[in-house]
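Only one structure is covered here, and it is reproduced in the block below.
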Amino acid sequence: MLIKRNPNGIDIPFSSEITPRAVFEARRTFIKQIAFGSVAGGALLDLLSREAFAQGAGAQKLAAKTNPAFVVMDKTTAYKDATSYNNFYEFGTDKTDPSHYAGTLKPRPWTVAIEGEVKKPMTLDIDSLLKLAPLEERVYRLRCVEGWSMVIPWIGYSFAELIKKVEPTGNAKYVEFISLADKKQMPGLRSPVLEWPYVEGLRLDEANHPLTLLTLGMYGEVLPNQNGAPVRIVVPWKYGFKSAKSIVKIRFIKDQPKTAWNIAAPQEYGFYSNVNPEVDHPRWSQATERRIGEDSFFKPKRKTLMFNGYSNVASLYTGMDLKKFF
Ligand SMILES: Nc1nc2c(c(=O)[nH]1)N[C@H]1C(S)=C(S)[C@@H](COP(=O)(O)O)O[C@H]1N2
Ligand SMILES: [Mo]
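Letter by letter, the sequence shown follows residues 2 to 327 in the working numbering.
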């Protein structure tokens with residue numbers, strides 16, 4: 002496919018438009034069935050619409066216009082994989098735990114308190130967040146520090162839009178994202194694998210980078226519980242654990258915050274955690290990754306890209322030793 006590079010350092014496919022989850026899925030089934038010769042002639046269209054109907058039923062739709070400047074050309078991960086292979090330790094540490102147990106999370110009503118070094122602290126509910134800026138669909142790579150990756154069509158807008166609204170003071174140098182920690186909704190909190198609540202953080206300039214996405218949906222729908230409903234952050238050039246789920250509090254602060262994984266294993270998980278194939282995890286290489294849904298004997302692992310392929314963020318780290326600030 003013909004592609005061009007854009008200023009965000011990611012690949013843009015030539016045409017793109019809002020693609021609801023049902024249509025992604027229908028297309029996949031459709032291609033599979035063509036490959037196996039099980040579909041012919043007039044059955045094609047019928048199959049497409051039936052699939053779309055069957056798979057789209059249930060979840061709440063969320064309309065958004067695709068922003069082609071933020072769409073990677075990689076094949077999108079199947080919705081089924083993106084919603085059944087998850088890390089969300091508040092619901093257990095197995096990959097399938099969140100899809101099995103996150104049903105107890107109540108994503109509405111929900112509020113996010115924004116406080117700290119801001120001129121306009123505020124508490125916003127989900128409807129206010131949905132209206133704060135135009136919703137965009139963006140297809141990002143997500144690279145977990147464990148060595149697997151996915152490609153997900155998120156829905157949201159640049160976190161910078163929210164930063165503008167609350168007007169950080171001159172003392173604001175970092176942003177802290179705090180996830181819900183409610184034992185009644187989250188069975189995983191009984192286990193001390195991490196210090197609860199789950200906390201993540203960014204430097205203010207990282208938080209202000211247009212790629213940093215305040216995320217309210219995926220695959221044309223509101224976020225499924227296991228993916229961090231009703232609101233999460235997505236920072237595509239960093240390892241997945243920087244993208245905190247089910248956020249209830251956002252604090253603008255002066256000093257670098259302590260973060261959940263850094264507290265748990267400081268020698269393994271640094272504050273920055275930029276995707277970097279040249280800096281190995283102490284227990285494994287970060288040079289390659291397995292794209293979920295792509296497993297096969299013939300498929301070699303993919304090479305992990307510097308900053309997960311989002312090369313234009315490099316300017317955020319000019320003069321920094323990324324081996325030291327891992
Ligand atoms: N609150 C919270 N956020 C979290 C996690 C978590 O355990 N708790 N796991 C992180 C990790 S390790 C990854 S890889 C991504 C996974 O996001 P996904 O399940 O939507 O693909 O969420 C991140 N956000
Ligand atoms: Mo992860």
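Beta carbons: idealized from backbone N, C-alpha and C, even for Gly.
It should be emphasised that the depicted structure is a prediction, and the values quoted were computed from it without experimental measurement.
According to the DSSP secondary-structure assignment, Val276 is paired through a beta bridge with no residue.
Going by DSSP, Leu163 is part of no beta strand (DSSP E) but of the alpha helix (DSSP H) stretching over Phe160 to Val167.
The region 183 to 226 contains, as complete beta strand (DSSP E) runs of 3+ residues, the segments 200 to 204 and 214 to 219 (chain order).
Taking all protein chains shown into account, Asp98 has 16 or more neighbouring C-beta atoms within 10 Å of its C-beta and is therefore buried.
Selection Val280, Ala65 and Val249 evaluated against Pro154 yields Ala65 as nearest (Cα-Cα).
Summarising the contact set, residues whose Cβ lies nearer than 7 Å to any heavy atom of ligand 2 are, in chain order, Asn88, Cys145, Val146, Glu147, Tyr240, Gly241 and Phe242. For Lys66, the enclosing beta strand (DSSP E) starts and ends at Lys66 to Val72.
With a cut-off of 8 Å on Cβ pairs, the region 208 to 222 is in contact with the region 156 to 167, counting three or more such pairs. Excluding its 5 nearest sequence neighbours in each direction, Pro169 has C-beta neighbours in its own chain below 7 Å: Glu118, Val119, Leu205 and Phe253, listed in chain order. Just measuring C-alpha positions, the residue of Ile293, Asn309 and Tyr318 sitting nearest Thr77 is Ile293.
Contact between Glu116 and Pro110 is ruled out by a C-beta separation of about 19 Å, above the 8 Å threshold. Pairing Leu217 with Leu130 gives a Cβ-Cβ distance under 8 Å.
DSSP lists no bridge partner for Glu147. If you draw a straight line from the Cα of Tyr318 to the Cα of Lys239, it comes to about 13 Å.
If only uninterrupted alpha helix (DSSP H) runs of at least 4 residues are considered, those enclosed by the region 253 to 318 are 261 to 265. Between Leu215 and Val236, the gap from beta carbon to beta carbon reaches 8 Å or more. Restricting attention to Met321, Tyr199, Leu224 and Pro69, the CA atom closest to the CA of Lys250 is found in Tyr199. Between the alpha carbons of Asn275 and Arg291 lies a distance of about 18 Å.
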